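Throughout, the working numbering is defined as the position within the sequence shown, counted from one, plus 54.
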Amino acid sequence: MSGQRLTPTPAEIVKFRRGGLTHQQIAERWEQQTGIRVTRGAITAAIARAGMQERTVIDHSDLIPWRLSPEHLNSYAAQLLRSLGRMRAGATVRPQERSSVTSWLKSLERRNLVVTYISTVGFVYTDRHPDDDRWPIRP
């Protein structure tokens, strides 16, 4: 490959990130521009090397206080609760993700429900009680 870079330069990374591209979108754009296919992980590493590692770890334990079984980690309710946590933390959330969370919360409120977790079953919806002070969940 006669000296051709496998990943974008730090200056290109800065340009892509300032343009609002996600790591996956940068990988796709890089492939379109150069014909070189790179993984999202390679782009993440290139971003870190460029000194732009802005990833903030968000603690979701206030919304997911349970120890989830592996088969429930990516359930719809778990995904929505994580998205809600990112929204509450002020992190970037895709418009579709924000819309899904907003619709879900409106549905819970309209139906007077909370979500709780049973390790043998998964997430379940149950009637909201006056003492449910951690809406939309019941720990």
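By construction, the Cβ of each residue, glycine as well, lies at the ideal position given by its N, Cα and C atoms.
Values in this document were obtained by computation on a predicted structure and should not be read as measured data.
Under the DSSP assignment, VAL175 falls outside any alpha helix (DSSP H); it carries neither an H nor an E label. Judged by DSSP in its simplified three-state form, LEU167 adopts strand. Look at ILE112 here: in three-state DSSP terms it is coil, with no helix or strand label. Classified as buried, LEU135 has 16 or more neighbouring CB atoms from the shown chains inside 10 Å of its CB. With respect to the 8 Å criterion, ARG192 and THR170 are classified as neighbours on the basis of their beta carbons. In summary, PRO149 is exposed, with fewer than 16 beta-carbon neighbours lying within 10 Å of its beta-carbon over all protein chains present. In the DSSP assignment, VAL68 falls within the alpha helix (DSSP H) that extends over 64 to 72.
In this model, GLN79 and HIS183 are separated by some 44 Å (Cα to Cα). Under DSSP, no beta-bridge partner is assigned to ILE101. With respect to SER115, PHE177 sits apart: the two C-beta atoms are not nearer than 8 Å.
By DSSP's assignment, ILE191 forms a beta bridge with VAL169. The shortest C-alpha to C-alpha distance from ARG71 to any of LEU127, ASP187 and ALA104 is the one to ALA104. Your pair VAL92 and ALA81 checks out as a contact, with CB atoms roughly 5 Å apart and the cut at 8 Å.
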